[in-house]
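Residue numbers for the sequence shown follow UniProt numbering, beginning at 1 and rising by one. Remarks on the structure that follows.
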Amino acid sequence: MAAKPHDPDSAPNVSVLVQKHEDVMIQKMGWAVDKVINFNRQGKRVLIYVKENQTASTLNEMILAAGYHSRDISNMSSHSDRGLAIYHFNDAKQGTDALITTFAVGKVGSNFYGACHRGLILEYPNNLDDLVSATSCLQSIGQTEAVQWGTCYIHGTLDMLQDLILARKAAAKLVLDPRRYPGITGELRVICAFHTVAIIVGQTSSRYPRARVHWTNMESDEIKREGLFYSAVAKFLDENPESASKFNSETMAKIAKSWKPEKGLTMDHVDGKLPPIEDGVVLYNYVVGGFKEGML
């Protein structure tokens, strides 16, 4: 089976997604309100991260209108008011159902642990460090209840582009860290870095192949299967860095065609000892501009 080509004539501008974004945000905030209601029924409170102050304000109004107690600290100008809201949120005796913050406000010396063990990410931040900081803020020494986070990702929206932007920025930073991926060079380091980001974010499929396709194809089954393969390659290299030279532009597609998701990538795959299989992974689908020499 050959790779599916990119069709530039059926590739709409990203403005299509931008025009839908306001409706998508309303849908996301509705999702958050439903989560607050469900957590309230379980006797739980929830911390909600958003990107923009306006989103925080609107979401806060929606939760209050639904009859639940919510505070938005991102739009509080007084440090004392913000501190008091956080103090009440961390006190199990106080009846706060939800606390809303932006990533910018949340990372400035705020501690949210105590009474809350549930968190929501309404939209991804601009960088991985902010996401890690946010999803770590409910952890505390000696806690007895596990922390659970939920992320609102809506397929076919700007979420997939923001997801890719975050992954590319983080991968570019990881590649430059000499302590990571010893013995791995060139583009293989990028593949390993994308897999690291996927693990941190909680994704099973690497975003590496999404970086070379148009947004209309990013969430296709073919690209998801490619992502699973590149994650398998990264896992293999982590355990067998001395075999890095076996992955090159001449062998990568052959290795992929002998492997399928949910199967371990073995040395026999990498050494080319296994034949192509009917449902093996096909690489280089929908590549903008087509396959390029040296592509992994």
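All C-beta atoms in this analysis are idealised placements derived from N, C-alpha and C, irrespective of residue type, glycine included. Please read all numbers here as calculations on a predicted model, not as lab measurements.
Check                                                                                                                                                                    : Outcome
If you measure between the beta carbons of residue 84 and residue 45, is that distance less than 9 Å?                                                                    : no
May I ask you to report which of helix, strand or coil DSSP gives residue 85?                                                                                            : helix
Where do the N-terminal and C-terminal ends of the alpha helix (DSSP H) with residue 166 fall, by residue?                                                               : 158-175
Measuring CB to CB, does residue 222 end up less than 9 Å from residue 288?                                                                                              : no
Just to check my reading of the structure: residue 196 and residue 174 have Cβ atoms closer than 8 Å, yes? What is that Cβ distance to the nearest angstrom?             : 6 Å
Within 8 Å, do at least three Cβ pairs link the segment 86-93 to the segment 34-41?                                                                                      : no
Spatial neighbours of residue 145 within its chain, please: C-beta separation below 8 Å, excluding the five flanking residues on both sides.                             : 117
How many angstroms separate the CA atom of residue 163 from the CA atom of residue 237?                                                                                  : 24 Å
How is residue 196 classed by DSSP in three states: helix, strand or coil?                                                                                               : helix
Roughly how far, in whole angstroms, is the beta-carbon of residue 198 from the beta-carbon of residue 231, given that I think they are within contact range, below 8 Å? : 6 Å
Taking the beta carbon of residue 13 as the centre, do at least 16 other beta carbons fall within 10 Å, making it buried, or is it exposed?                              : exposed
Is it buried or exposed, residue 263, if we count other Cβ atoms within 10 angstroms and call 16 or more buried?                                                         : exposed
Return the chain-ordered ranges of every beta strand (DSSP E) run that is complete within the segment 67-128 and spans a minimum of 3 residues.                          : 70-72, 98-102 and 118-121
Excluding five sequence neighbours on each side, which residues of the same chain lie with their C-beta closer than 7 Å to the C-beta of residue 155?                    : 219
Locate the beta strand (DSSP E) running through residue 19, then write down its first and last residues.                                                                 : Counting along the chain, residue 19 falls outside any beta strand (DSSP E), though it belongs to the alpha helix (DSSP H) covering 15-41.
Would you mind working out which of 152, 244, 23 and 160 sits nearest residue 182, comparing C-alpha positions?                                                          : 244
Look at the alpha carbon of residue 31 and the alpha carbon of residue 148, and state the distance between them as a whole number of angstroms.                          : 16 Å
With distance defined between alpha-carbon atoms, name the residue in 268, 8, 186 and 159 nearest to residue 20.                                                         : 159
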